[in-house]
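What follows is a short report on a single structure.
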Amino acid sequence: MKSMKLNVITKIMLLMLIPTIVWSEEAIDFNTDFLDGEGTENIDFSKFSHANYVPPGDYSLDLEVNNTKIIAEQPVIFFNPNYDKKVSLACITPEIYPLLGLKEEWENKIQWLKDGQCLDIRSIPEMSFQGDLAKNTLKIKIPQAYMEYQDASWDPPTRWDDGILGAFLDYNATGRLVKEQKGNGKGTQTGITATGTMGANIGPWRFRADWQSQNGELNKRSQSWAWNQLYAYRAIRSLSARLTLGEQYLSSTLFDSFRYLGVSLETDESMFPPRLQGYAPEIAGVAKTNATVIVKQDGRIIYQTEVSPGPFRIQDVNSFGGGTMDVTIQEQDGSVTSYKVETSKLGTLTRPGQLIYQFVLGKPTKDEHNTQGPEFSLGSLSWGATNNTTIYGGLLASSEYQNVAIGFGRDFAPFGVLSGNINISRAQMGNIDNNRTLSGNSYNITYSKQFDEINSQITFAGYRFSERNYMSMPQFIDRRYNGDTIDSGKELYTIIFGTALPDYNTNLYLNYSHQTYWNRPSSNQYNMTVSNYFDIGKMKNVSLSLTAYRTKSRETTDDGVYVNLNIPLENNDSSISYSGSYSRGTHSNNVNYFSRIDNRQSYNISAGTWDKDKLTTSGMYTYEGDATQLNASGTYIQDEQSALSMQIKGGMTITPEGGALHRNNSVSGGSRILIDTNGIITVTT
């Protein structure tokens with residue numbers, strides 16, 4: 001008898017599994033005469049004639065929406081709805097519903113069953129379920145027109161999570177030691193520069209403190225520790241916006257950056273799909289030796305890295321606001337080169353009908369975090385008027401200073417993207433300037449174009465003209481409240497251009513800027529590189545590059561040429577190269593060897609001549625460990641100096657689930673993932 005009951009149950013289960021792979025709602029009739037055993041007359045087999053029927057009960061299933069898995073092993077209840085006891089439905093609870101990714105408008109249209117516990121799929125036309133027990137999956141089909149924007153590398157806000165409770169410390173520290181061997185400067189000098197972010201995540205709120213520290217003789221004997229920003233923020237998902245409270249730097253495409261204490265609500269483009277996010281600045285230069293590149297904005301360090309001798313291009317700087325970035329190249333031979341890079345963003349187009357906005361209330365602050373100047377308010381909007389035209393503008397206003405901006409951006413396909421804006425400032429100078437009111441205008445035009453037919457691209461081209469009495473908000477504060485003499489910009493030309501000549505295996509790159517002033521000499525900076533790839537017998541992908549550069553500012557003037565010949569060896573895991581650098585007052589020639597030890601370690605060593613007749617050697621070692629990233633380098637110049645430098649970059653994260661030391665490959669203070677490996681310590685990513 002027992003075996004007979006098992007036989008009946010087995011056959012019933014087979015009947016249950018057959019319909020779960022069918023999408024049609026048409027009924028299917030089964031011949032139950034082959035079922036033998038007692039009790040079959042008490043079983044209602046008509047339910048199993050409906051496609052997709054799953055017996056009522058509790059299940060743990062993966063959820064798929066339009067063939068995309070959205071969550072694994074989700075508890076799901078199947079039930080018979082009161083309007084048709086012969087069908088079974090999956091209970092989509094109010095907690096599961098946001099994961100479906102439906103547009104916000106459906107929240108007011110949908111209906112619920114079982115006293116608001118389960119979604120009534122009849123209220124969403126053409127929505128359907130399929131319970132696939134064989135694959136342990138609930139497959140949900142929803143018309144694409146009802147869904148939020150979908151992207152393979154991005155989830156809509158309804159599927160986002162606030163994350164877990166945790167605290168962290170990210171750091172990026174560089175230490176330098178220089179031993180002079182000639183002149184009155186004999187002796188040893190040291191310097192340490194460190195930046196980072198510490199913070200905590202509590203529910204939807206993120207608390208952040210950005211810090212920096214500099215000390216030592218190489219940093220002008222300064223012993224400073226500074227908190228750059230102290231603030232808390234949270235995402236407002238329904239608005240694709242960020243609400244921020246505290247002390248922070250203004251980030252605006254229309255107005256220059258300055259620090260203030262207050263509150264802001266602004267569109268957060270990081271909530272957009274990656275392909276819809278905007279322009280980032282690029283920095284180019286040439287290092288004569290192993291060097292440290294430091295990028296500052298409004299006095300705070302926003303980026304630092306170690307580079308090898310030769311041309312470099314930095315494309316991952318996270319600009320915290322419009323204005324100008326100060327770039328410093330600290331060479332291991334003790335020389336320092338400084339120049340400025342314009343970071344005004346290209347007038348990116350906004351999607352038709354969409355508004356990108358920013359609203360700020362606050363009061364400017366100075367170095368000691370005390371407020372300075374009048375309270376201000378700021379509002380700006382960018383509106384996608386048509387498919388190819390964007391109109392934008394803004395107002396920054398206080399009792400003593402006002403600045404209004406209006407502009408446009410248009411895609412003149414196939415001729416490129418052009419944008420332009422005008423800023424009008426008005427400043428009451430008080431006793432510092434005989435109570436005068438100074439007014440001025442600033443005009444800005446930018447252009448971008450991809451020339452597919454010649455494999456070329458103008459990434460950024462811009463022109464700005466400012467009248468003598470035009471002032472930005474930070475310039476007004478420095479002049480009115482600190483009595484500083486400000487650099488009054490007049491004209492600025494900027495262009496970044498690249499082209500490829502595939503028939504000749506040649507690439508050309510140009511980065512140029514020219515700034516004139518009303519009250520001091522002009523500054524120039526350009527970097528042009530031509531590179532060619534070719535084969536010599538069995539040696540493949542040999543490269544030859546020539547870089548010409550100029551950096552001219554009030555502090556320094558440097559012109560030079562850099563040439564490099566690189567020959568790959570051993571499956572591109574190593575190479576040998578020649579490099580020559582020729583600039584004002586210094587000439588160097590070096591032979592270099594590079595080798596990759598494994599996926600985490602590499603090194604290079606070089607030897608040659610410096611300043612025509614002095615011998616020099618240098619080397620660099622790079623290690624990317626689980627807990628930190630390390631760059632160590634050294635340089636020796638005969639009868640001149642020897643220098644050592646080390647950069648350590650990493651972070652520490654602590655949560656109730658555990659903690660870890662880790663690398664810091666992303667923006668300092670950014671998101672991180674904590675994975676429970678159930679005690680296994682050999683898991684790597």
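What the sequence shown shows, in the UniProt record's numbering, is residues 1 to 685, in sequence order. Every residue gets a Cβ at the ideal spot worked out from N, C-alpha and C, and that includes glycine.
Which of the three DSSP states is assigned to residue i in this structure?
i, result
"PRO474", "helix"
"THR350", "coil"
"ASP611", "coil"
"GLY669", "coil"
"GLY334", "coil"
"ASN172", "strand"
"TYR493", "strand"
"PRO157", "helix"
"ASN469", "coil"
"MET429", "coil"
"SER399", "coil"
"ASN434", "coil"
"GLU26", "Low local confidence applies: a pLDDT of 46 at GLU26 is under 50, so the model's placement there is unreliable, and no value is given."
"LEU218", "helix"
"ARG237", "helix"
"LEU63", "strand"
"PRO273", "coil"
"ASP503", "helix"
What's the C-alpha gap between residue i and residue j?
i, j, result
"GLN117", "PRO94", "7 Å"
"ALA72", "LEU61", "7 Å"
"LYS69", "PRO364", "48 Å"
"PRO215", "SER335", "Reading the sequence as shown, one finds Asn at residue 215 and not Pro. Computed Cα separation, rounded: 18 Å."
"LEU133", "ASP58", "12 Å"
"ILE28", "GLN74", "Summary for ILE28: the model assigns pLDDT 49, below 50, so the residue's position carries little reliability; its value from the coordinates is reported in the next sentence. One C-alpha to the other measures close to 30 Å."
"LEU355", "ALA241", "11 Å"
"ASP433", "LEU396", "22 Å"
"ILE21", "LEU113", "A caution first: ILE21 carries a pLDDT of 35, below 50, which makes its placement in the model unreliable, though a value can still be read off. So the two alpha carbons sit approximately 26 Å from each other."
"LEU544", "TYR231", "48 Å"
"PRO156", "GLY101", "6 Å"
"ILE9", "TYR53", "No answer about ILE9 holds up, because its pLDDT of 45 lies below 50 and its placement is not dependable."
Under the DSSP definition of a beta bridge, which residues are partnered with residue i?
i, result
"THR529", "TYR509, THR547"
"PHE594", "SER575, ASN604"
"VAL178", "GLN189, ALA643"
"GLY203", "Note: GLY203 sits in no beta bridge, so no partner."
"ILE675", "DSSP output for ILE675 lists no bridge partner at all."
"ASP120", "GLN111"
"ASP268", "In the DSSP output, where bridge partners are listed per residue, ASP268 has none listed."
"MET325", "VAL341"
"ARG313", "ALA284"
"ASN566", "SER543, SER577"
I'd like to know whether the C-beta atoms of residue i and residue j end up nearer to each other than 8 Å.
i, j, result
"residue 686", "ILE110", "Shown here, the chain extends from 1 to 685; a query on residue 686 therefore has no answer."
"TYR357", "LEU378", "no"
"ASN527", "THR547", "yes"
"GLN641", "LYS288", "no"
"GLN330", "ALA291", "yes"
"TYR470", "GLY498", "no"
"ASP639", "LYS614", "yes"
"PRO635", "THR616", "In the sequence as presented, Pro is not what sits at residue 635; that position holds Thr. Taking 8 Å as the Cβ cut-off, THR635 and THR616 qualify as a contacting pair."
"VAL417", "LEU349", "yes"
"GLY203", "PHE168", "no"
"LYS340", "SER523", "yes"
"LEU510", "ILE486", "no"
"TYR462", "THR437", "A quick correction: the sequence has Gly, not Tyr, at residue 462. Cβ atoms of GLY462 and THR437: not closer than 8 Å."
"ASN631", "GLU306", "yes"
Leaving out five residues on either side along the sequence, give the residues of the same chain with a beta carbon under 8 Å from the beta carbon of residue i.
i, result
"PHE408", "GLY347, THR389, THR390, ILE391, TYR392, SER419, GLY420, ASN421"
"PRO143", "PRO125, GLU126, MET127"
"ASN435", "GLN428, MET429"
"ASN219", "GLY191, ILE192, THR193"
Short of 6 Å in beta carbon distance, which residues of its chain neighbour residue i, apart from the five on each side in sequence? Order them along the chain.
i, result
"TYR593", "ILE576, ILE605"
"ASN664", "ASP170, LYS649, GLY650, GLY651"
"ARG300", "ASN228"
"ARG351", "GLY384"
"ASN519", "SER488"
"TRP154", "PRO273"
"PHE376", "SER398"
"THR188", "LYS179"
"SER602", "ARG596, THR622"
"LEU661", "ALA627, MET652"
Going by beta carbon distance, what residues of the same chain come within less than 7 Å of residue i, once the five residues before and after it are set aside?
i, result
"PRO56", "PHE78, PHE79, ASN80, SER88"
"GLY670", "none"
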